[in-house]
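Residue numbers (our numbering), protein chains in the order written: chain A, 11 to 273; chain B, 77 to 365. Here a beta-carbon is modelled for each residue, glycine too, at the ideal position from N, C-alpha and C. Just so we're clear, the structure is a prediction, and the values are computed from it rather than from any experiment. For reference, the structure is listed below as structure tokens.
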Amino acid sequence: MGKPGMTGNRALLGYVVAYIFFLYLPVALIPLFSFNDSIQAAFPLKGFTLDWYRTLAETPAIRAALMNSVSIAITAAAIATFCATAIAYLDVFPRPRLSRPVAMLARLPILIPGVIVGIAMLILVNLAGLGPSRPAIVMGHILICLPAAVSVIRARMVAIPRSLAEVESDLGASDLTVFRRAILPLAWSAVASAFTLSFLTSFDEFIVAYFLAGTDITLPLYIWSQLRFPKSLPVVMALGSLILLTSILLAVVAELLRRRTRL
Amino acid sequence: MRLRLSANDGAGFRFVMSVPGIAATFGLALFALALVLLLAFRRNDGGLVIGPLTLSNFTGIFSDPLYAIIMLRSLWIAGLVTLATVVTAYPIAWYLAFQAGRWRGLVLFLVTLPFWTSYLLRVFAWKIVLAYNGVLNSALMSLGIWDKPSSALLNNPAAVVVTLAHAYAPFAILPIFVALQTIPRSLLEVSSDLGASRAQVFARIVLPLSMPGVLAGALVVFVPTLGDYVTPALVGGPGSIMIGNQIQAQFGKANDWPFGAALAVSTMLVILAAVLLIRQADRRWGSRA
Numbered sequence: 011m012g013k014p015g016m017t018g019n020r021a022l023l024g025y026v027v028a029y030i031f032f033l034y035l036p037v038a039l040i041p042l043f044s045f046n047d048s049i050q051a052a053f054p055l056k057g058f059t060l061d062w063y064r065t066l067a068e069t070p071a072i073r074a075a076l077m078n079s080v081s082i083a084i085t086a087a088a089i090a091t092f093c094a095t096a097i098a099y100l101d102v103f104p105r106p107r108l109s110r111p112v113a114m115l116a117r118l119p120i121l122i123p124g125v126i127v128g129i130a131m132l133i134l135v136n137l138a139g140l141g142p143s144r145p146a147i148v149m150g151h152i153l154i155c156l157p158a159a160v161s162v163i164r165a166r167m168v169a170i171p172r173s174l175a176e177v178e179s180d181l182g183a184s185d186l187t188v189f190r191r192a193i194l195p196l197a198w199s200a201v202a203s204a205f206t207l208s209f210l211t212s213f214d215e216f217i218v219a220y221f222l223a224g225t226d227i228t229l230p231l232y233i234w235s236q237l238r239f240p241k242s243l244p245v246v247m248a249l250g251s252l253i254l255l256t257s258i259l260l261a262v263v264a265e266l267l268r269r270r271t272r273l
Numbered sequence: 077m078r079l080r081l082s083a084n085d086g087a088g089f090r091f092v093m094s095v096p097g098i099a100a101t102f103g104l105a106l107f108a109l110a111l112v113l114l115l116a117f118r119r120n121d122g123g124l125v126i127g128p129l130t131l132s133n134f135t136g137i138f139s140d141p142l143y144a145i146i147m148l149r150s151l152w153i154a155g156l157v158t159l160a161t162v163v164t165a166y167p168i169a170w171y172l173a174f175q176a177g178r179w180r181g182l183v184l185f186l187v188t189l190p191f192w193t194s195y196l197l198r199v200f201a202w203k204i205v206l207a208y209n210g211v212l213n214s215a216l217m218s219l220g221i222w223d224k225p226s227s228a229l230l231n232n233p234a235a236v237v238v239t240l241a242h243a244y245a246p247f248a249i250l251p252i253f254v255a256l257q258t259i260p261r262s263l264l265e266v267s268s269d270l271g272a273s274r275a276q277v278f279a280r281i282v283l284p285l286s287m288p289g290v291l292a293g294a295l296v297v298f299v300p301t302l303g304d305y306v307t308p309a310l311v312g313g314p315g316s317i318m319i320g321n322q323i324q325a326q327f328g329k330a331n332d333w334p335f336g337a338a339l340a341v342s343t344m345l346v347i348l349a350a351v352l353l354i355r356q357a358d359r360r361w362g363s364r365a
């Protein structure tokens with residue numbers, strides 16, 4: 011629009027600031043109350059304490075859940091990123107017959123609510139005789155992570171000039187060599203960013219994991235189990251604050267990687 | 077000779093590269109969904125997939141008005157959440173596309189960051205805000221607006237709508253922003269040079285051209301909201317049970333997996349209908365021809 015009025019611009023800017031404020035306000039309460047010296051999450055604040063974090067460090071169940079979450083997230087993110095790289099590569103470069111339907115199916119989980127992904131995987135792992143377990147959660151999380159991972163890596167590979175791959179194969183390089191020497195190095199930061207985003211998705215995921223957890227629960231499942239007890243509320247908020255902090259740090263890393271992709 | 081050799085070795089490499097994708101999509105996703113479909117036609121007799129088929133789960137769903145009510149309620153709540161997120165996201169996407177300038181990167185990052193933080197915690201935060209002894213009540217009391225806390229804030233469908241709209245807010249921004257960004261600036265300048273008012277430019281050019289983004293954003297919010305069971309359970313109370321809670325209950329307490337699978341299949345059919353409807357709308361109002 012040629013020259014929009016200044017008042018309109020100001021109003022829009024005000025709206026953007028208010029929107030971001032509204033987006034962060036409820037979430038910001040969690041760290042706030044995690045330092046509050048009261049069992050109730052209510053104003054006025056009572057006083058500063060680190061007790062809840064101390065309790066947190068002394069609860070072995072939390073450490074076990076954290077270890078589970080990390081190992082599940084690393085495994086699921088690694089497998090999802092590996093699959094996504096192969097899917098994106100085939101869909102962009104050699105384009106064999108099945109590559110299109112595979113690339114489309116990989117993004118299908120966006121159209122399926124988490125609860126249905128959860129029960130579908132539950133039926134599958136029971137049929138396979140595996141039952142709810144850590145590998146079951148990993149399988150569910152691979153599906154959840156796949157759409158974003160494929161999109162991120164595919165977007166980067168599309169930007170690689172096709173002539174590059176063609177020149178290399180004209181010079182006698184095999185597909186494998188072109189992939190290893192040219193495409194993978196150029197797409198590397200997108201692969202890393204897909205891994206980080208997948209890790210975050212799996213690490214925070216609750217809806218699918220709820221159906222697939224056996225005796226080894228993840229951190230979000232631990233939080234869910236504690237939400238019923240008002241007494242453990244402050245400790246849950248201390249745990250939540252640490253998870254928020256970790257997620258934000260990882261998201262910043264992923265964003266920086268993504269920006270390097272652009273340049 | 078060289079050509080044939082490299083073609084052969086390319087085929088081998090392609091085969092190896094296609095294994096993980098086919099395993100994850102056909103082997104994992106499609107196979108698991110097929111199992112849900114099969115189970116939906118089974119009796120609850122302990123056997124998972126082997127045994128006689130029946131339509132009784134679906135007749136059960138259609139004969140009990142409870143499921144129609146819950147499905148309609150889910151559609152209503154998901155529809156309201158979708159409307160709220162898209163309408164509130166549109167100005168943000170507009171700002172990002174046309175006015176953000178050097179702030180674009182930062183604002184884009186700030187609005188997508190909550191997307192990567194725990195969904196469970198974002199929902200839980202609203203429970204703290206709306207609870208009887210929660211933040212909103214204590215704030216209103218200390219400001220002297222209310223003299224005693226109200227329990228009416230939590231455990232109703234409105235709390236579910238607000239919480240879900242907040243949790244899914246950033247989802248709608250990205251697709252609308254992408255759609256707005258592809259509109260040529262010259263088109264807007266020409267129309268205002270030709271005497272179109274700002275409202276006319278918006279209604280006749282910008283909105284129709286950004287419609288694919290709006291519809292894509294609507295879909296990304298609508299699907300997960302429709303099947304959500306965490307938010308109704310945490311902030312909704314008994315009057316806000318959604319279809320996701322029903323599916324979850326069949327695979328938990330009620331322990332009737334085939335019936336739960338039939339509910340899941342019905343939900344997918346409703347989503348499919350919504351997708352087709354949105355496609356139709358996209359063709360009518362969103363076409364760029």
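- At a cut-off of 7 Å between beta-carbon atoms, Pro-36 (chain A) makes contact with chain B.
- Separation of Ser-342 (chain B) and Tyr-143 (chain B) (C-alpha to C-alpha, rounded to the nearest whole angstrom) is 10 Å.
- The three-state reading of DSSP puts Asn-120 (chain B) in coil, since its state is none of H, G, I, E or B.
- Counting C-beta atoms within 10 angstroms of its own C-beta, Asp-47 (chain A) has fewer than 16 neighbours from the protein chains shown and is therefore classed as exposed.
- According to the DSSP assignment, Gln-257 (chain B) belongs to the alpha helix (DSSP H) that extends over 233 to 257.
- Among the CB atoms of chain B, none fall inside 7 Å of the CB of Ser-48 (chain A).
- Judged by DSSP in its simplified three-state form, Leu-129 (chain B) adopts strand.
- Distances from the alpha-carbon of Gly-88 (chain B) to those of A:Leu-222, A:Ile-49, A:Leu-100 put A:Leu-100 closest.
- When DSSP states are grouped into helix, strand and coil, Phe-58 (chain A) belongs to the strand group.
- In the assembly as shown, Met-114 (chain A) is an exposed residue. Its beta-carbon has fewer than 16 other beta-carbons within 10 Å.
- Of the candidates B:Ile-168, B:Ala-309, B:Asn-331, the residue whose Cα lies closest to the Cα of Asn-321 (chain B) is B:Ala-309.
- Under DSSP, Asn-46 (chain A) forms a beta bridge with A:Phe-58.
- Annotated three-state conformation of Trp-222 (chain B) is coil, per DSSP.
- The beta carbon of Asn-133 (chain B) does not come within 7 Å of any beta carbon belonging to chain A, so the residue lies off that interface.
- If the five residues before and after Val-263 (chain A) are omitted, its C-beta is found closer than 7 Å to the C-beta atoms of Thr-206, all from its own chain and listed in chain order.
- Put simply, the CB of Leu-186 (chain B) is near chain A, with a gap under 7 Å to one of its CB atoms.
- Chain A has a Cβ within less than 7 Å of the Cβ of Asn-209 (chain B).
- For the stretch 130 to 159 of chain A, residues whose beta-carbon sits nearer than 8 Å to a beta-carbon of chain B comprise Ala-130, Met-131, Leu-132, Ile-133, Leu-134, Asn-136, Leu-137, Met-149, Ile-152, Leu-153, Leu-156.
- The beta-carbon separation of Phe-335 (chain B) and Asn-133 (chain B), rounded to 5 Å, stays under the 8 Å limit for a contact.
- By the Cβ test, the stretch 219 to 228 of chain A is not in contact with the stretch 172 to 181 of chain A, since fewer than three Cβ pairs between them sit closer than 8 Å.
- In this chain, the alpha helix (DSSP H) harbouring Met-131 (chain A) covers 124 to 137.
- For Val-199 (chain B) against Val-205 (chain B), the beta-carbon gap comes to about 11 Å, at or over 8 Å, which does not count as contact.
- Chain order gives the chain A residues near Met-344 (chain B) as Ile-122, Ile-126, where near means a beta carbon separation below 8 Å.
- The Cβ neighbour count for Gln-356 (chain B), taken over all protein chains shown within 10 Å, is under 16; the residue is labelled exposed.
- Residue environment for Thr-95 (chain A): buried (at least 16 other C-beta atoms within 10 angstroms of its C-beta).
- Beta-carbon to beta-carbon, Val-299 (chain B) and Pro-240 (chain A) are separated by about 34 Å, too far to satisfy the 8 Å threshold.
- Residue nearest to Ile-133 (chain A) within the set B:Tyr-195, B:Asn-231, B:Ala-340, B:Gly-315 is B:Ala-340 (criterion: CA-CA distance).
- Per DSSP, reduced to three states, the secondary structure at Thr-206 (chain A) is helical.
- By the CB criterion at 7 Å, Thr-307 (chain B) and Val-157 (chain B) fall outside the cutoff.
- Between Ile-259 (chain B) and chain A, the shortest Cβ-Cβ separation is not below 7 Å.
- A residue is called buried when at least 16 other Cβ atoms come within 10 angstroms of its Cβ; Arg-164 (chain A) meets this threshold and is buried.
- In this structure the stretch 171 to 190 of chain B touches the stretch 32 to 40 of chain A; the number of beta carbon pairs closer than 8 Å is three or more.
- In the pairwise beta carbon analysis, the stretch 153 to 163 of chain A is classified as touching the stretch 99 to 111 of chain B: at least three pairs are separated by under 8 Å.
- Shown here, Pro-190 (chain B) sits in a helix according to DSSP, grouped into three states.
- With fewer than 16 neighbouring CB atoms inside 10 Å of its own CB, Asn-209 (chain B) falls in the exposed class.
- Contact annotation, Ala-349 (chain B) with Ala-116 (chain B): C-beta distance approximately 17 Å; criterion of less than 8 Å not satisfied.
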